[in-house]
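Plus 2 on top of the position in the sequence shown (first one is 1) and you've got my numbering. Working notes for the structure below.
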Amino acid sequence: MVSLRDPKRTDEKVVEVAGVTLLLNGFQDDPKWADFVAGQVTKGIPALEKLVGTPWPGGLERIREDASPSLRGYDGWFDPTDDEIVIGEQLDADLIFHELSHAWVSGERFDERWVSEGLAQVLAERAVTATGGTPVKHPRASRGSEDAVALNSWGGSASSPSEDVDAYAYPASYAATSALVDDLDDTELAAVVSAGIRGERAYDPAGTRDTDGGRTTWMRWLDLLETRSGVKDAAQVFQRWALTGAQRAQLAPRAEARTAYADLDRGDGAWLPPEGLREAMTNWDFQGAASVREQVDGLGAAATRVQDAATRAGIEVPAAVRESYEKAEQPQQYTALATSLPAAATAVTAVGAAQRAAELDRNPVGALGATLLGVEDRAERAVALLADGDVTAATTAAEGATSRADKATLVGLALAVLLLLLLLAALLVVRGVRRSAARARARAQAAQEGQEAALAAFVNVGPESVSSVPPVPSDPDGRPGQYS
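And the structure:
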């Protein structure tokens with residue numbers, strides 16, 4: 003068949019929504035189409051943003067009305083190459099939302115076609131409901147149909163063996179996806195869909211970016227559904243609708259490995275299992291996962307002791323210590339943890355004791371001794387060393403602070419006695435000085451009184467006393483002579 007169109011013979015309408023501008027290209031004699039699509043896009047994109055859990059990703063410039071999809075047996079399609087959605091003349095909100103959903107869930111994000119097509123239809127139905135519409139009913143698929151295929155083997159339209167396979171695969175994709183996510187509310191659905199869009203690993207905390215990037219494979223999608231969303235029968239749904247014979251054979255060793263992983267994860271407290279194990283589980287390398295579990299045997303208990311010690315001490319586990327466990331991925335790192343984790347537990351306990359000793363409410367004598375010994379400064383030093391991951395130095399500093407704290411009262415008492423003795427000595431010195439000064443003042447006063455008495459005696463000498471003084475002899479010349 004051949005489909006021809008003349009771009010000049012279209013009506014163009016501009017729609018502003020979610021911070022982007024979209025062009026609507028409709029037939030010149032079909033103004034209702036442009037009005038309907040504009041209204042659905044304006045309502046649908048915000049609704050889909052909530053359902054998907056991520057903002058509008060862009061990658062769409064226009065929505066075009068065209069007869070080509072109907073001629074080729076489709077209702078429409080999303081063309082990321084030309085950044086456009088192509089649909090027929092039908093006024094179908096479900097179809098518009100389905101194609102808009104492919105801006106998020108597409109072959110650029112999910113490896114398997116059935117995953118992106120199934121998600122697009124589930125999201126479209128929920129968006130129709132959220133905007134006040136009524137979802138349309140879709141054909142039912144039967145796994146026993148003669149055209150049935152394992153959905154993981156359903157590729158692009160060019161690789162489909164026949165149109166009959168597509169006719170089966172589209173409703174089958176919807177049936178499989180509905181069985182997987184129908185029990186999830188909108189918030190739960192958004193969490194797992196956004197994780198798949200970002201290519202997250204199921205065994206990492208939600209929101210953790212995978213440094214490898216890439217698309218979400220069916221294996222990662224199954225892991226996300228079970229691990230993040232708790233879909234208990236996800237493996238059975240995959241087995242029924244999607245997996246080939248060889249892929250089904252992987253489910254038994256996977257189940258065994260996941261059970262062992264869960265046991266190990268419970269055994270290491272709130273921490274994540276080591277990176278080497280999480281990577282093996284993500285890649286479905288179950289032999290490799292078993293090898294890692296053997297190498298880290300016993301480390302979970304050591305990790306728990308560190309966490310328990312931190313809880314008792316009332317402090318946070320140092321990030322460096324936790325990361326040394328969670329990021330370990332090489333045999334030599336696992337070996338080193340056997341020594342470093344017990345040392346960390348000892349350090350955390352010691353630092354906690356040092357902090358308590360430094361914060362103890364002491365009597366004035368004890369507080370004096372603690373200040374003199376620098377207990378608080380040494381405890382703070384121990385905390386800083388522990389935060390840096392230097393557990394050996396932190397232990398030494400903490401034990402030193404605690405030891406000094408134990409001696410604080412004795413040292414404070416000794417210092418108080420010494421200060422008292424010094425005070426008494428100072429008082430005695432002052433008293434002696436005062437006594438010496440008093441004696442000096444007494445002597446000075448006595449001397450002054452003697453001088454005043456002598457002066458008074460001299461001043462009180464009368465004429466009769468003077469006349470009794472013998473005259474001074476004179477020489478013949480009338481000058482005073484020698485008195486003898």
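From the three backbone atoms N, C-alpha and C, an ideal C-beta is built for every residue, glycine too. Every value quoted in this text rests on a predicted model; they were computed, and no experiment measured them.
Relative to the alpha-carbon of S180, which residue among P320, V167, W116, E165 has its alpha-carbon at the smallest distance? W116
Do you know how far the Cα of D13 is from the Cα of D167? Checking the sequence shown, residue 167 turns out to be Val, not Asp. Computed Cα separation, rounded: 36 Å.
What is the rounded straight-line gap between the Cα of L186 and the Cα of R314? 39 Å
Just reading off the alpha helix (DSSP H) that R74 is part of, what are its end residues? Note, R74: premise wrong, no alpha helix (DSSP H); not H, not E.
Using DSSP bridges, identify the partner residues of I87. I65, F80
Note down, one range per segment and in chain order, each beta strand (DSSP E) of at least 3 residues found wholly within the stretch 140 to 207. none
Could you tell me which of P141, S103, L274, V435 sits nearest to R128, measuring between CA atoms? S103
Go to F240, then tell me how far its alpha helix (DSSP H) extends in each direction, as first and last residue. 236 to 243
Any chance you could list the alpha helix (DSSP H) runs of at least 4 consecutive residues sitting entirely within the stretch 270 to 358, in chain order? 277 to 284, 288 to 297, 301 to 315, 321 to 328
C-alpha distance - L140 paired with D188, whole-angstrom precision: As written in the sequence, residue 140 is His, which differs from the Leu given in the question. Cα to Cα, the separation comes out at about 21 Å.
Relative to the C-alpha of R64, which residue among I87, A49, T56 is closest? I87
Alpha carbon to alpha carbon, how far is E119 from F80? 11 Å
Using CA coordinates, which residue listed in L274, D267, A254 is at the minimum distance from D287? A254
For G135 and Q42, I'd like the C-alpha separation in whole angstroms. 10 Å
Can you give me the C-alpha to C-alpha distance between R433 and Q450, rounded to a whole angstrom? 25 Å
Among Q309, E67, R111, which residue has its Cα nearest to the Cα of D94? E67
Would you say V194 and L226 are within 7 Å of each other, going by their C-beta atoms? yes
When you compare only the Cα positions, how much space is there between I199 and D212? 12 Å
Less than 7 Å between the beta carbons of L388 and P320, yes or no? yes
Does the distance from the CB of V393 to the CB of A349 come in under 7 Å? yes
Using CA atoms only, rank isn't needed, just tell me which of A322, T261, W273 is closest to A305. W273
Leaving out five residues before and five after Q252 in sequence, what residues of the same chain have Cβ atoms less than 6 Å from its Cβ? none
Take F222 as the anchor and find which of L423, P333, R256 has the nearest alpha-carbon. Checking the displayed sequence, the identity of residue 222 turns out to be Arg instead of Phe. That would be R256, whose Cα lies nearest to the Cα of R222.
Can you tell me whether E296 is buried or exposed? The criterion is at least 16 other CB atoms within 10 Å of its CB, across all chains shown. exposed
Alpha carbon of A197 to alpha carbon of L245, nearest angstrom: 22 Å
Alpha carbons only, please: which of A458, Q334, W243, A259 is nearest the one belonging to A174? W243
For the beta strand (DSSP E) containing V22, name the first residue and the last one. 22 to 29
Can you give me the start and stop residues for the beta strand (DSSP E) that D13 sits inside? 12 to 19
Taking the alpha carbon of Y489 as the reference point, which residue from M283, L279, P207, Q309 has its own alpha carbon closest? A query on residue 489 cannot be resolved here, the shown segment of the chain reaching from 3 to 486 and no further.
Start and end of the alpha helix (DSSP H) containing W35? 33 to 54
Can you tell me which of the three DSSP states T218 falls into? strand
Hey, out of W220, S155, Y176, E228, whose CA is closest to H100's CA? Y176
Counting only the same chain and skipping the five closest in sequence on each side, list residues whose C-beta sits under 8 Å from that of L53. L125, R128, A129, A132, D188, L191, A192, V195
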